[in-house]
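There are 2 protein chains.
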Amino acid sequence: MADLKLTTRAEDYSEWYNQVVLRAELADYAPVRGCMIVRPYGWALWENITAALDKRFKATGHVNAAFPLLIPRSFIDKEKSHVEGFSPELAVVTHGGGEELEEPLVIRPTSETIIGHAYAKWIQSYRDLPVLINQWNSVVRWELRTRLFLRTLEFFWQEGHTAHATAEEAEAETRQMLDVYADFAINEAAVPVIPGRKSAAERFAGAEQTYSIEAMMGDGKALQAGTSHNLGQNFAKAFEIRYLDKNGVLQHCWTTSWGLSTRFVGAIIMVHGDDQGLILPPRLAPHQIVIVPIFRTDEEKAAVFENAQRLRRELVDAGIRVKMDEREGMSPGFKFNDWEMRGVPLRMELGPKDVAKGSVVLARRNRPGKEGKAFVAQQGIAAAVSQLLAEIQKSLHDRALEFRKANTFEPASYEDFKKAVEKGFAFSWWCGGGDCEAKIKEETKATMRCIPIEQPGGSGKCIFCGQSASEKAIFAKAY
Amino acid sequence: MADLKLTTRAEDYSEWYNQVVLRAELADYAPVRGCMIVRPYGWALWENITAALDKRFKATGHVNAAFPLLIPRSFIDKEKSHVEGFSPELAVVTHGGGEELEEPLVIRPTSETIIGHAYAKWIQSYRDLPVLINQWNSVVRWELRTRLFLRTLEFFWQEGHTAHATAEEAEAETRQMLDVYADFAINEAAVPVIPGRKSAAERFAGAEQTYSIEAMMGDGKALQAGTSHNLGQNFAKAFEIRYLDKNGVLQHCWTTSWGLSTRFVGAIIMVHGDDQGLILPPRLAPHQIVIVPIFRTDEEKAAVFENAQRLRRELVDAGIRVKMDEREGMSPGFKFNDWEMRGVPLRMELGPKDVAKGSVVLARRNRPGKEGKAFVAQQGIAAAVSQLLAEIQKSLHDRALEFRKANTFEPASYEDFKKAVEKGFAFSWWCGGGDCEAKIKEETKATMRCIPIEQPGGSGKCIFCGQSASEKAIFAKAY
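This is the structure in structure tokens:
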């Protein structure tokens, strides 16, 4: 695949995205419309994402479990907003074991209902609280317009579900997990994100409050990269999740849920990728460095491979994820392009002259051409590679942050606002009114992404209606 | 739960099993018939199982991926034996997004078909082979008689799917994965297993050859704990998985599949558990040791906790999985019973006198009463605990192996055979005939579990028909 030229981002951003996903072999289309196959390279990336998140979940006291895939249809109906939100998207199982079922089952679109049912059974007293459970699984939502990773019928994610004794604890948990997502995005994926609060219109079906992290893609559009919901007592009341408090009084719990999905892979592609393909942040890359041996004769090959294996071992021992490209019948140039397409952060070129000199060539994926290449001594290679990987990680983040800053505007008028959302984010005073939000969406296709947690303070005039506003919000077109 | 006495194995083995699963909080019943919720403690055990297996899969060159949950109904029909085997067990999705689907979809009962479809697209030439992919997921089979972990509508597992250029390579892969399963069972789960070949009647639907590992449960019955299938060219022909060989000739691939599921948790429970509850092998136990602080006054509590925290830290630093039981309002005795029920291999008791003496009490879960208790110096505690855990691991395995040996018979006559399968395994000469196998099953309820790889050599007379037989087989009642 590496021999065909990629459509550039400027030519057709959407086509560029699809080509990168397919050619880097991250994912492929499945025979069922809207479903995807996550190929081994894409899954290895997702495994690194899950490991980085799971560590954070466990460090904040959460444990994993597994709830069933099949939910009685009637469960979805128990919470009023939830049924409105999810009914149109359900996949329904009507037959099992050759017979029609008495009650249809749905494939989980999310698990608040079935988990609510279990919590009602497990939770008796304040001693049982808080319950802090997460699960890694896939869910099905019958989406009409699908894109690999960004929106698929079945997608992979984690969904955390917690139950608490008080409203304050539930809100603290919701905010804590928002912080966990932001920390993961920034420090592992090098994706700068804005944590903030959603409007009522954009809330999760059944939530009292939804928070999200929002990232800017390479075309200036926004992508919601993770959400954390304070469900209040809505699901506790629908499923009778109750506990006896210290005074022996029966109380409804306060619950939360939070999720981050394979959508995040789409964010990584669109935040870091360039016209040569994918660029992966070193901390999540399946291969942090690829070694490409270069040789002509069998004699050269033997010497180069012997040296390459030794270097590989040194890097592996230092905890670096190394790929040795031993494929036969492909030129080094072809391999360079192939690994550039797949976004490996660092490439080591090793030929007979390098072996003789005791050095290697290291090429940085994020700096094209000669500028990104350097001769490095083999002595102390692991330390040199580790340092370079840390530098690449930082520079990916900094470049993305600069890009976002350069494409975030604070328009003075609604006319300027309309121009701003054609290019990137508009950060504007907003009165909080659903009418202004709806009209902005209708007229510009931009949606209220979030009211950032970090606010400038003071007050201003709503960008749409001119009424007094106490908060600024991010508006943008979005994936 | 720990205050209620468990039904003993002698009283009612089946009831004992159900109580252990529920009281140890490994799993719970789901609202949909036959489905289960794997609770955090059960899932932590499964996570340790997956980690131990995944490491072995990767060490043998496999990579993970994710294929969709939904499969077109027509795919199942493409392989003749496969459709016969799985049609009666399918869960069928007929509606999506509020509309009836043109073609019904099934929830995967296993993924040979959808993976075969993908491999046909990905594999072009001998250079693309072998393809060695595994996936961790859940599958749905509409079982009528279900038991937690042992047989559930939805179960969790891994399914490996590989494609090869030759029959020999496919057979070598099938056997390699059988060895991997046996190695895992014996060395991680302390479950002695017999690797062997299945009869034609017990083969996977669509396989040329099925191998399994068989274990003896605490009641003498057999449990198939993992299977590895050589699919020959059956699926390659059904899905046109072909490659151009080195001579430019188009050939069908040879494929394999192999799986191990949450059923294995049932095996661990029934192989090691006793009348006090679960006993977990240290290498897979979520908590390898539990620390129970003992105190009366606040002053004692402070001293004991301070000491306990220091010991915990030392153990954690040594890579030992430690649980500190800080629950309030429960007596030490209650806690002892609770952790015994949950099968934690080692318990550390720490009271004011122990603090003063610089020692602790270590109690081994697998040796009840005083015999299993020892005073151990705090100095060098991590090494002492590590050594004890290794001893427990070994003694669990040895005890299970002895039990199996004591309950494996080599009956001289069919009359003795019938008695043998009431108690345990019958290891008998078998002519290989399906008729004998079927009649044995009809008359004794015992099935041919496997023809062990390890054979005594020589020949004998079939235990049923008396005809000449060249192999011995294990017959037993089974889960």
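Order-wise, the sequence lines are chains C and W. Take any residue in the first sequence, note its place counting from 1, add 11, and you have its number in this note's numbering. Take any residue in the second sequence, note its place counting from 1, add 11, and you have its number in this note's numbering. C-beta: ideal position from N, C-alpha, C; glycine also.
Spatial neighbours of residue i in its chain, beta-carbon cut-off 6 Å, leaving aside the 5 residues before and after
{"i": "W:Asp88", "result": "Val94"}
{"i": "W:Asn241", "result": "Ala181, Glu182, Thr185, Glu219, Gln220 and Thr267"}
{"i": "C:Arg332", "result": "His298 and Gln299"}
Extent of the continuous beta strand (DSSP E) to which residue i belongs
{"i": "C:Thr8", "result": "Past the edges of chain C, shown from 12 to 490, lies residue 8 of chain C, and the structure says nothing about it."}
{"i": "W:Glu115", "result": "According to the sequence as given, residue 115 of chain W is Pro; it is not Glu. Residues Glu110 to Ile118."}
{"i": "C:Phe486", "result": "Glu482 to Ala487"}
{"i": "W:Asn145", "result": "Val142 to Val151"}
{"i": "W:Phe97", "result": "Counting along the chain, W:Phe97 falls outside any beta strand (DSSP E), though it belongs to the alpha helix (DSSP H) covering Lys91 to Phe97."}
{"i": "W:Gln187", "result": "Careful: W:Gln187 lies outside any beta strand (DSSP E), inside the alpha helix (DSSP H) at Ala178 to Asn198."}
{"i": "W:Arg253", "result": "Arg253 to Leu255"}
{"i": "W:Phe167", "result": "Glu165 to His175"}
Within 9 Å, strictly: CB atoms of residue i and residue j
{"i": "C:Thr238", "j": "C:Trp265", "result": "no"}
{"i": "C:Ile134", "j": "C:Leu189", "result": "no"}
{"i": "C:Val327", "j": "C:Leu56", "result": "no"}
{"i": "W:Ile491", "j": "W:Phe78", "result": "Lying outside 12 to 490, the shown extent of chain W, residue 491 of chain W is not represented and no answer is given."}
{"i": "C:Lys472", "j": "C:Ala480", "result": "yes"}
{"i": "C:Ile252", "j": "C:Tyr137", "result": "no"}
{"i": "C:Glu213", "j": "C:Met459", "result": "yes"}
{"i": "C:Arg323", "j": "C:Ile302", "result": "yes"}
{"i": "C:Pro363", "j": "C:Glu311", "result": "yes"}
{"i": "W:Val315", "j": "W:Leu361", "result": "yes"}
{"i": "C:Ile144", "j": "W:Pro51", "result": "yes"}
{"i": "W:Glu382", "j": "W:Gln287", "result": "no"}
{"i": "W:Ala319", "j": "W:Pro343", "result": "no"}
{"i": "C:Ser92", "j": "C:His172", "result": "no"}
{"i": "C:His106", "j": "W:Val43", "result": "no"}
Alpha-carbon spacing of residue i relative to residue j, whole angstroms
{"i": "C:Glu182", "j": "W:Gly53", "result": "29 Å"}
{"i": "W:Leu407", "j": "W:Ala201", "result": "6 Å"}
{"i": "C:Leu81", "j": "W:Leu164", "result": "10 Å"}
{"i": "W:Lys69", "j": "W:Gln146", "result": "12 Å"}
{"i": "C:Leu15", "j": "C:Met341", "result": "15 Å"}
{"i": "C:Gly217", "j": "C:Lys209", "result": "14 Å"}
{"i": "W:Lys488", "j": "W:Arg162", "result": "16 Å"}
{"i": "C:Tyr40", "j": "C:Leu291", "result": "22 Å"}
{"i": "W:Asp427", "j": "W:Phe420", "result": "9 Å"}
{"i": "C:Val387", "j": "C:Ser370", "result": "5 Å"}
{"i": "W:Tyr490", "j": "W:Gln235", "result": "8 Å"}
{"i": "C:Val204", "j": "C:Lys456", "result": "21 Å"}
{"i": "C:Asp139", "j": "C:Gln244", "result": "17 Å"}
{"i": "C:Lys434", "j": "C:Phe414", "result": "11 Å"}
{"i": "W:Met12", "j": "W:Ala21", "result": "With a pLDDT of 46 at W:Met12, under the threshold of 50, the modelled position of that residue is not reliable, and no figure is offered here."}
{"i": "C:Ser397", "j": "W:Val260", "result": "46 Å"}
{"i": "C:Tyr425", "j": "C:Gln478", "result": "13 Å"}
{"i": "W:Arg358", "j": "W:Arg410", "result": "21 Å"}
{"i": "W:Glu418", "j": "W:Val31", "result": "The amino acid occupying residue 418 of chain W in the given sequence is Asn; Glu does not appear at that position. Cα-Cα distance, rounded: 24 Å."}
{"i": "W:Phe475", "j": "W:Val282", "result": "30 Å"}
{"i": "W:Ser98", "j": "C:Leu101", "result": "24 Å"}
{"i": "C:Thr71", "j": "W:Ala296", "result": "21 Å"}
{"i": "W:Val355", "j": "W:Glu170", "result": "29 Å"}
{"i": "C:Arg353", "j": "C:Gly229", "result": "18 Å"}
Endpoints, alpha helix (DSSP H) assigned at residue i
{"i": "W:Pro83", "result": "No alpha helix (DSSP H) holds W:Pro83; the beta strand (DSSP E) holding it covers Leu81 to Pro83."}
{"i": "C:His519", "result": "Because residue 519 of chain C is not part of the residues shown, which for chain C are 12 to 490, the question remains open."}
{"i": "C:Gly344", "result": "Pro343 to Met352"}
{"i": "W:Cys442", "result": "Element bounds for W:Cys442: n/a, residue is neither H nor E."}
{"i": "W:His128", "result": "Glu123 to Trp133"}
{"i": "W:Gln466", "result": "First-last for W:Gln466: undefined, no H or E at that position."}
{"i": "C:Phe68", "result": "Pro51 to Ala70"}
{"i": "W:Arg156", "result": "From DSSP, W:Arg156 is part of no alpha helix (DSSP H); its letter is neither H nor E."}
Contacts around residue i, its chain only, beta-carbon distance under 8 Å, and the 5 residues preceding and following it disregarded
{"i": "W:Asn198", "result": "Arg294"}
Cβ shell of residue i (< 7 Å), same chain only, five flanking positions each side left out
{"i": "W:Ala431", "result": "Phe420, Pro422 and Ala437"}
{"i": "W:Leu249", "result": "Inspection of the sequence shows that residue 249 of chain W is occupied by Ala rather than by Leu. Lys89, Glu90 and Gly127, listed in sequence order."}
{"i": "W:Ala329", "result": "Ala393 and Ser397"}
Write down every uninterrupted run of the beta strand (DSSP E) in the region 206–249 of chain C whose length is 3 residues or greater and which is fully enclosed by it, in chain order.
220–227 and 233–241
Could you tell me which uninterrupted alpha helix (DSSP H) segments, each at least 4 residues in length, are contained entirely in the region 301–331 of chain W, listed from first to last along the chain?
As summarised for the region 301–331 of chain W, the continuous alpha helix (DSSP H) elements at least 4 residues long and confined to that stretch are 309–328, given in chain order.
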